[in-house]
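Q: Could you have a look at this structure, given as structure tokens, before my questions?
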Amino acid sequence: MEDAKLDDAYCWEQEYEKPWEALSVDESGSLEASVLTAAHESKRKELYRRKRNIRLGIMRQVCLVVDMSAAMNDRDLQPTRLLCTLKHLSNFVDDFFDQNPISQVCLLGVRDKTVKRLTEFASNPRKQKEALKDYLYGEGSGEFSLQNSLEMAISLLKDTPSHCIREVLVVVGSLGSCDPGDITTTIDSLVENKIICNLVVLSAEVFVYKKVAEETGGKHTVILDEADLKDTFCFFVIPPAASTKMDCSLVRMGFPERVDSKGQWSFCVCHAVPDKPDANLTRQGYFCPQCKSKYCSLPTECRLILISAQHLARSHQHLFPVGTFAEVEIPKEKEPPILCYGCLLPISVRAYTCGTCKNQFCIDCNLFIHETLHVCPGC
């Protein structure tokens, strides 16, 4: 009864929490064991945060919106919010296309309440990173407008194929939004067009940001520090679960071969520069099997999606992920110690056993297998 009364009491009437009592010291008076246990539980929580054996959307159309307002000049992230965001967004683009090679990204920048389209939808990480460096270096100015950025994203995403997942990822540091109209109509339009809106907030929780994410089925995250920002971007690399109402359709794809025409120059479509006709002349490239147009790199889209076998294989891994490993408690002071099959280091707290090959892994190797490698090395 007393515990129930305490739960219903006001916060100033409740007892103090004493987290230091959870710490324990070993015989030598060290806290290392408690710290290792807390770190292990944090990694374990990370491992089980995603549901397994669900259908993922491997073809994604993502609008990446970056706040360029004056709020991004604050120095709570070093050297500024804007430059720190640029650094981690550049890494995010590389990781995104590594895990989602047949997906596409479009960049939008918001400055002085105006949205500017930085890049077209493309699967080339180099172009996206160049646009980030060209536009985002410098200082932010003016105010941020969430409604204008979402309206631009809707106009770009509403005509994308129905078998693709439509996403908006907004990175915002402003505590307010200067909008020309009613934001609820924009939210209704997002829901109608089946667009998922995720927000990464660098400052504090804002009601309208959280509402947009909740109404569209997205994720709203307020970061703690730079390390948390990096981890948050890693979360959005892995494809989200596909809707049960999403259309299933066959997608035509082409697998062009790389051609090296020594001594012969030919025009490249992806580097066409109207003012400099010589800039799109190259010797090497990939020729579309349908229209014979030449491209420098894959994947790309020429009415027909052009990819290589490795791109399709990297996307296929999300359809058949590695099964969940079984947890096994390790007795204290076990002799001889159990060695991890991956890194060959002794396992101290818990081991994770593959259901197929029965090899045991530590928590770090388990995370690496499920989040990055997608293949059990023992199998």
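If you want this note's numbering, it's the position in the sequence shown, counting the first as 1, plus 631. Note that CB positions come from ideal geometry on N, CA and C, so glycine has one too.
Between Pro756 and Thr750, what straight-line distance do the alpha-carbon atoms span, to the nearest angstrom?
A: Roughly 11 Å between the two C-alpha positions.
Q: Here's a check: name, in chain order, each residue in its chain whose Cβ is nearer than 6 Å to the Cβ of Leu881, leaving out the five neighbours to either side.
A: Contacts found: none.
Q: Okay, do the region 796 to 804 and the region 692 to 701 touch, 3+ Cβ pairs below 8 Å being the bar?
A: Short answer: they touch.
Q: Here's the rule I'm using: 16 or more other beta-carbon atoms within 10 Å means buried, otherwise exposed. How should Thr931 be labelled?
A: So Thr931 counts as buried.
Q: Cα separation between Val843 and Val746?
A: Near 18 Å, if we compare the C-alpha coordinates of Val746 and Val843.
Q: Determine the contact status of Thr852 and Val832, defining contact as a CB-CB distance below 9 Å.
A: Taking 9 Å as the Cβ cut-off, Thr852 and Val832 qualify as a contacting pair.
Q: Can you tell me whether Met783 is buried or exposed, with buried defined as 16 or more other CB within 10 angstroms of its CB?
A: Under this definition Met783 is a buried residue.
Q: Can you list, in chain order, the residues of its chain with a C-beta nearer than 7 Å to that of Ser928? Leave out the 5 residues immediately preceding and following it.
A: Same-chain partners within the cutoff: Asn755.
Q: Quick check on Phe728: does DSSP put it in helix, strand or coil?
A: Of the three classes helix, strand and coil, the one that applies to Phe728 here is helix, per DSSP.
Q: For Arg706 and Ala858, what's the separation of their Cα atoms in angstroms?
A: Approximately 15 Å, taken between the alpha carbons.
Q: For His794 and Glu846, what's the separation of their Cα atoms in angstroms?
A: Those two C-alpha atoms are separated by around 21 Å.
Q: Using the Cα positions of Glu633 and Glu964, report the straight-line distance between them to the nearest angstrom.
A: Since pLDDT at Glu633 reaches only 48, below the 50 mark, its modelled position is unreliable, and no value is offered.
Q: By DSSP, does Gln895 sit in helix, in strand, or in coil?
A: In the structure shown, Gln895 sits in coil (DSSP, three-state: anything other than H, G, I, E or B).
Q: Over what stretch of residues does the beta strand (DSSP E) that includes Ile936 continue unbroken?
A: Leu935 to Leu937 is the extent of the beta strand (DSSP E) around Ile936.
Q: Below 8 Å on the Cβ atoms is my contact criterion, and I expect Glu796 with Met690 to pass it. Report the Cβ-Cβ distance as a whole number of Å.
A: Residue identity check: residue 796 is Ile in the sequence provided, not Glu. Going by Cβ atoms, the distance from Ile796 to Met690 rounds to 7 Å, so yes, they are a contact pair.
Q: Please return the same chain residues whose Cβ sits closer than 7 Å to the Cβ of Leu788, not counting the five positions on each side in sequence.
A: Once the five neighbours on either side are set aside, the close Cβ partners of Leu788 are Gln692, Cys694, Arg797, Asn824 and Ile826.
Q: Between which two residues does the alpha helix (DSSP H) containing Gln995 stretch?
A: Just to set this straight, residue 995 is Asp in the shown sequence, not Gln. That run of the alpha helix (DSSP H) goes Ile994 to Phe999.
Q: Could you pull out every residue in the same chain whose Cβ sits closer than 6 Å to the Cβ of Gln730, ignoring the five residues on either side in sequence?
A: If we look at Gln730 and ignore the five residues flanking it on each side, its Cβ neighbours are Val868.
Q: Between the Cα of Asp743 and those of Val839, Cys899 and Glu770, spot the shortest distance and give me the residue it belongs to.
A: Of Val839, Cys899 and Glu770, the residue nearest in Cα terms is Glu770.
Q: For Cys715, name the three-state secondary structure that DSSP assigns.
A: Reduced to three states, the DSSP call for Cys715 is helix.
Q: Do you know how far the Cα of Thr955 is from the Cα of Ile1000?
A: Computed Cα separation, rounded: 10 Å.
Q: Answer with buried or exposed for Pro871, where buried requires no fewer than 16 other C-beta atoms within 10 angstroms of its C-beta.
A: Result: buried.
Q: Using three-state DSSP, classify Ile733 as helix, strand or coil.
A: Residue state, collapsed to three classes: coil.
Q: So, for Glu836: in the same chain, excluding its five sequence neighbours on each side, which residues have a beta-carbon less than 6 Å away from its beta-carbon?
A: Excluding residues within five positions, the ones whose Cβ falls inside 6 Å are Val853.
Q: Taking the C-alpha atoms as reference points, what is the distance between Ser939 and Lys923?
A: Each residue's Cα considered, the two are about 16 Å apart.
Q: Alpha carbons only, please: which of Val736, Asp810 and Ala957 is nearest the one belonging to Cys988?
A: That would be Ala957, whose Cα lies nearest to the Cα of Cys988.
Q: With DSSP run on the structure shown, which of helix, strand or coil describes Tyr983?
A: Of the three classes helix, strand and coil, the one that applies to Tyr983 here is strand, per DSSP.
Q: Looking only at its own chain, which residues have a Cβ that is under 8 Å from the Cβ of Ala635, when we skip the five neighbours before and after it?
A: With a pLDDT of 48 at Ala635, under the threshold of 50, the modelled position of that residue is not reliable, and the figure given next carries that caveat. Within the same chain, Ala635 has no close Cβ partners at all.
Q: Please classify Thr750: does DSSP put it in a helix, a strand, or coil?
A: Here Thr750 sits in coil by DSSP.
Q: Can you give the Cα-Cα distance for Pro710 and Pro952, rounded to whole angstroms?
A: C-alpha separation (whole angstroms): 39 Å.
Q: Compare the beta carbon distance of Ser808 and Ser834 with 9 Å and say whether it is the shorter of the two.
A: For Ser808 and Ser834, no; Cβs fall outside 9 Å.
Q: Report yes if the C-beta distance between Ala702 and Leu806 is below 9 Å; otherwise report no.
A: For Ala702 and Leu806, yes; Cβs fall inside 9 Å.
Q: State the start and end residues of the unbroken beta strand (DSSP E) segment that holds Phe886.
A: No beta strand (DSSP E) contains Phe886, which DSSP labels as neither H nor E.
Q: Considering only the beta carbon of each residue, do Ile785 and Leu821 sit closer than 9 Å?
A: Yes. Within cutoff.
Q: Say the cut is 8 Å; is the CB of Leu788 nearer than that to a heavy atom of the ligand MN?
A: What this structure holds is no ligand at all, so the ligand MN is not there to describe.
Q: Between Cys993 and Leu976, how many whole angstroms is the CB-CB distance? I'm expecting something under 8 Å.
A: The Cβ separation is near 7 Å, so the contact holds.
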